[in-house]
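Residue numbers (my numbering): 61 to 325. Below: one structure, written as structure tokens.
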């Protein structure tokens, strides 16, 4: 009996060493993918939300234009989310609406309703790297985060704004992206994106997105009240500021049809 007990501490040490080896054996790609999956898993089940927001566009001289808008979002099980953006102000964009069907693997589907022409225009996949409504956000930036959209690589641990973060590289796995890679800082506590660097097709830093003033909804879902996108090459920037956000408002698939896009006011 004494001999058996003496083996227990040794067995515990060997087991611990084995676990360390297994963790160290995980490749940077495997760790990056695991972090991305945890990020997605922590944000499932919110169903739908509606927001009132402002988009502040600044040119290189810091002159500003403000646009007021409403955003409706529907969570879709086993696929990307659906989103509808309706512009209310100023008068030159009033009634313009944008409908987005994000997909995990297949190309996203996107349409714009232009009230001046009274027609719906489909946005081709190859044009999704273009600017959305003159902002520093591209059409592809407005797609929901889906794990299958990217290939991943864990780069390092790093502090950002006092938070311990994972830093991972995301390479778009979909066609016609305007980016070669995204470098994303995710806080370790809640897996919230804190900063994203976007690199253009020449692999030069193009834009940086930072998230501010995260708020907790339904005791589980974190949302930033301000998104700031800065273009380093043009010195232009865009802020997307959320004024009000409500979850589980009863939205359905019917609210995200092309017919609904035409009715948006």
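Note that beta-carbon positions come from the ideal geometry of N, C-alpha and C, so glycine has one too.
Around the beta carbon of residue 160, 16 or more other beta carbons sit within 10 angstroms, so the residue counts as buried. Nearest in C-alpha terms to residue 104, of all of 280, 284, 315, is 280. With at least 16 other beta carbons inside 10 angstroms of its own, residue 254 counts as buried. Counting C-beta pairs with one atom in each stretch, the region 149 to 156 and the region 195 to 202 have fewer than three that are closer than 8 Å, which means they do not touch. The residue among 308, 267, 305 with its C-alpha nearest the C-alpha of residue 288 is 267. Around the beta-carbon of residue 224, fewer than 16 other beta-carbon atoms lie within 10 Å, marking it exposed. Contiguous alpha helix (DSSP H) elements confined to the region 156 to 195 do not occur, taking only those with 4 or more residues. As for any beta strand (DSSP E) of minimum length 3 sitting wholly inside the region 212 to 257, the runs are 223 to 232, 241 to 247, ordered along the chain. In the structure shown, the three-state DSSP call for residue 105 is coil.
The beta-bridge partner set that DSSP reports for residue 125 consists of 117.
For residue 278, same chain residues with a beta-carbon under 8 Å away, outside a window of 5 residues either side, are 106, 307, 308 in chain order. In the three-state reduction of the DSSP assignment, residue 88 falls in the helix class. With a cutoff of 8 Å on beta-carbon distance, residue 122 and residue 114 are scored as not near each other.
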